[in-house]
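A.B. asks: Using my numbering, you'd call the opening residue of the sequence shown number 2 and step up by one each time. Think of the CB as a built atom: it goes at the ideal place given N, C-alpha and C, for glycine as much as any other residue. On a predicted model such as this, the values are computed, not experimentally measured, just so you know.
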Amino acid sequence: MNKLPEELKEHYQKNRELIKKRLNEFSVIAEEEYFYELCYCICTPQSSAKNAEKVQKKLIEMDFLSNDFNPVDLLSNREHYIRFHNQKAERLVEAKKKYSVVLDILNLSICPKEKREKIVGIIKGIGYKEASHFLRNIGYRDLAIIDRHLLKNLLKCGVIESMPKSINKAKYLEIEEKFKIYAEKVNMSIDELDLLFWSFETGMILK
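Structure, rendered in structure tokens:
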């Protein structure tokens with residue numbers, strides 16, 4: 002399929018400026034906020050994006066990067082509950098310990114995909130999807146965040162033939178390339194198209 006389905010086209014027309022504004026906000030994020038974007042991306046899998054954002058704000062308020070505490074109580078709080086909070090609290094602590102390594106990678110003169118490759122696996126729970134999400138949220142472009150919302154819409158648009166049962170590295174990169182080709186066909190960046198799909202499914206343009 003070389004065109005967006007009509008319902009997606011209408012949604013894009015209504016939300017185009019908001020989508021572009023959100024992408025621009027990612028591009029001007031301050032470096033001191035990078036760590037907390039990493040925390041956000043660790044919290045989001047299988048949890049509400051709104052709750053992850055609330056936790057992120059709490060971590061900033063509590064200066065988690067500088068203060069030594071276990072965030073498990075914060076993640077398990079019913080006001081902003083994060084699934085698998087014990088595991089994710091451990092990963093947040095690990096992220097803090099290894100954040101200097103992440104910063105070193107960000108400062109390398111290499112392309113975004115190479116930075117993603119180096120970030121993947123440094124911290125437990127950071128795979129291609131989470132690393133792509135983190136890099137997108139701090140201003141990097143042309144990386145696919147392959148989650149269920151994206152896959153559902155890629156299937157609807159005829160980009161993939163079926164929902165994959167699992168996604169390893171090879172499958173991730175294969176879907177990302179197909180997504181990129183489709184985005185070019187509909188004259189959009191994959192970053193715009195990702196936010197279009199996500200907002201169409203959820204009714205929100207978050208991050």
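State the CB to CB distance for the pair I191 and K181, rounded to an integer number of angstroms; the pair is presumed to be in contact (CB under 8 angstroms).
C.D. replies: In the sequence shown, the residue the question calls residue 191 occupies position 190. In the sequence shown, the residue the question calls residue 181 occupies position 180. About 5 angstroms separates the two Cβ atoms, so the contact holds.
A.B. asks: Using a Cβ-Cβ cut-off of 7 angstroms (strictly less than) and excluding sequence neighbours within five positions of M164, which residues of its own chain qualify?
C.D. replies: Working through the sequence shown from its first residue, we reach residue 164 at position 163. Same-chain partners within the cutoff: L152, L156.
A.B. asks: In the structure shown, what three-state DSSP assignment does D69 receive?
C.D. replies: Locating residue 69 in the sequence shown gives position 68, counting from the first residue. It is coil, neither helix nor strand.
A.B. asks: What number of angstroms, rounded off, separates the C-alpha of R53 from the C-alpha of V102?
C.D. replies: Here residue 53 refers to the residue found at position 52 of the sequence shown. Here residue 102 refers to the residue found at position 101 of the sequence shown. The sequence shown places Ala at residue 53, not Arg. Taking the straight line from one Cα to the other gives about 23 angstroms.
A.B. asks: Please classify L107: does DSSP put it in a helix, a strand, or coil?
C.D. replies: Here the question's residue 107 lines up with position 106 in the sequence shown. L107: helix per DSSP, three-state reduction.
A.B. asks: Determine the DSSP secondary structure at D147, reduced to helix, strand or coil.
C.D. replies: In the sequence shown, residue 147 corresponds to position 146, counting from 1. Looking at the sequence provided, one finds Ile at residue 147 rather than Asp. I147 falls in the coil class under three-state DSSP.
A.B. asks: Note the first and the last residue of the continuous alpha helix (DSSP H) segment covering E193.
C.D. replies: Counting from one through the sequence shown, the residue named residue 193 turns up at place 192. Start and end: 191 to 203.
A.B. asks: Determine whether the beta carbon atoms of R84 and Q57 lie at a separation below 9 angstroms.
C.D. replies: Looking up residue 84 in the sequence shown gives position 83. Looking up residue 57 in the sequence shown gives position 56. For the pair R84 and Q57, the CB atoms are not nearer than the 9 angstroms cut-off.
A.B. asks: Quick one: measure Cβ to Cβ for E131 and C42, integer angstroms, because I've assumed they're closer than 8 angstroms.
C.D. replies: Taking the first residue of the sequence shown as 1, we reach residue 131 at position 130. Taking the first residue of the sequence shown as 1, we reach residue 42 at position 41. Contact holds; Cβ gap of about 5 angstroms.
A.B. asks: Taking one C-beta from the region 131 to 151 and one from the region 185 to 205 each time, how about it: are there three or more such pairs within less than 8 angstroms?
C.D. replies: Contact between the region 131 to 151 and the region 185 to 205 is present, with at least three C-beta pairs closer than 8 angstroms.
A.B. asks: Please name the residue in H150, Y82, L76, N138 whose C-alpha comes closest to that of A90.
C.D. replies: Here the question's residue 90 lines up with position 89 in the sequence shown. Closest option to A90, Cα to Cα, is L76.
A.B. asks: Skipping 5 residues on each side, what residues in its chain have a beta carbon closer than 6 angstroms to that of R79?
C.D. replies: In the sequence shown, counting from the first residue as 1, residue 79 sits at position 78. Closer than 6 angstroms at Cβ, skipping near neighbours: no residue.
A.B. asks: Over what stretch of residues does the alpha helix (DSSP H) that includes I43 continue unbroken?
C.D. replies: Residue 43 sits at position 42 when you count from the first residue of the sequence shown. Counting along the chain, the unbroken alpha helix (DSSP H) around I43 starts and ends at 35 to 44.
A.B. asks: When the distance is taken between beta carbons, is I124 closer than 9 angstroms to R149?
C.D. replies: Locating residue 149 in the sequence shown gives position 148, counting from the first residue. Locating residue 124 in the sequence shown gives position 123, counting from the first residue. For R149 and I124, no; Cβs fall outside 9 angstroms.
A.B. asks: Quick one: Cα of Q88 to Cα of I206, how far?
C.D. replies: What you label residue 88 is simply residue 87 of the sequence shown in a count that begins at 1. What you label residue 206 is simply residue 205 of the sequence shown in a count that begins at 1. So the alpha carbons of these two residues sit roughly 28 angstroms apart.
A.B. asks: Taking the CB atoms as reference points, tell me whether N71 and V94 lie closer together than 9 angstroms.
C.D. replies: For this step, residue 71 is matched to residue 70 along the sequence shown. For this step, residue 94 is matched to residue 93 along the sequence shown. Yes; because the gap between Cβ atoms is below 9 angstroms, this pair is in contact.
A.B. asks: In whole angstroms, what is the alpha-carbon distance linking K170 and K179?
C.D. replies: Counting from one through the sequence shown, the residue named residue 170 turns up at place 169. Counting from one through the sequence shown, the residue named residue 179 turns up at place 178. Each residue's Cα considered, the two are about 14 angstroms apart.
A.B. asks: Assign Y129 to one of three DSSP states: helix, strand, or coil.
C.D. replies: Numbered from 1 along the sequence shown, position 128 holds the residue referred to as residue 129. Correct three-state label for Y129: helix.
A.B. asks: Select from L107, T45, F65, D64 the residue whose C-alpha is nearest the C-alpha of H81.
C.D. replies: Here the question's residue 81 lines up with position 80 in the sequence shown. Checking every option, the nearest Cα to that of H81 belongs to T45.
A.B. asks: What is the C-beta distance between R137 and F65, in whole angstroms, given that I count them as a contact (C-beta under 8 angstroms)?
C.D. replies: Numbered from 1 along the sequence shown, position 136 holds the residue referred to as residue 137. Numbered from 1 along the sequence shown, position 64 holds the residue referred to as residue 65. R137 to F65, Cβ: 22 angstroms. No contact.
A.B. asks: In angstroms with no decimal places, state the Cα-to-Cα distance between K10 and D195.
C.D. replies: On the sequence shown, residue 10 is found 9 positions in, with the first residue counted as 1. On the sequence shown, residue 195 is found 194 positions in, with the first residue counted as 1. Their Cα atoms are separated by approximately 13 angstroms.
A.B. asks: Using the three-state DSSP reduction, which class does L5 fall into: helix, strand or coil?
C.D. replies: Locating residue 5 in the sequence shown gives position 4, counting from the first residue. It is coil, neither helix nor strand.
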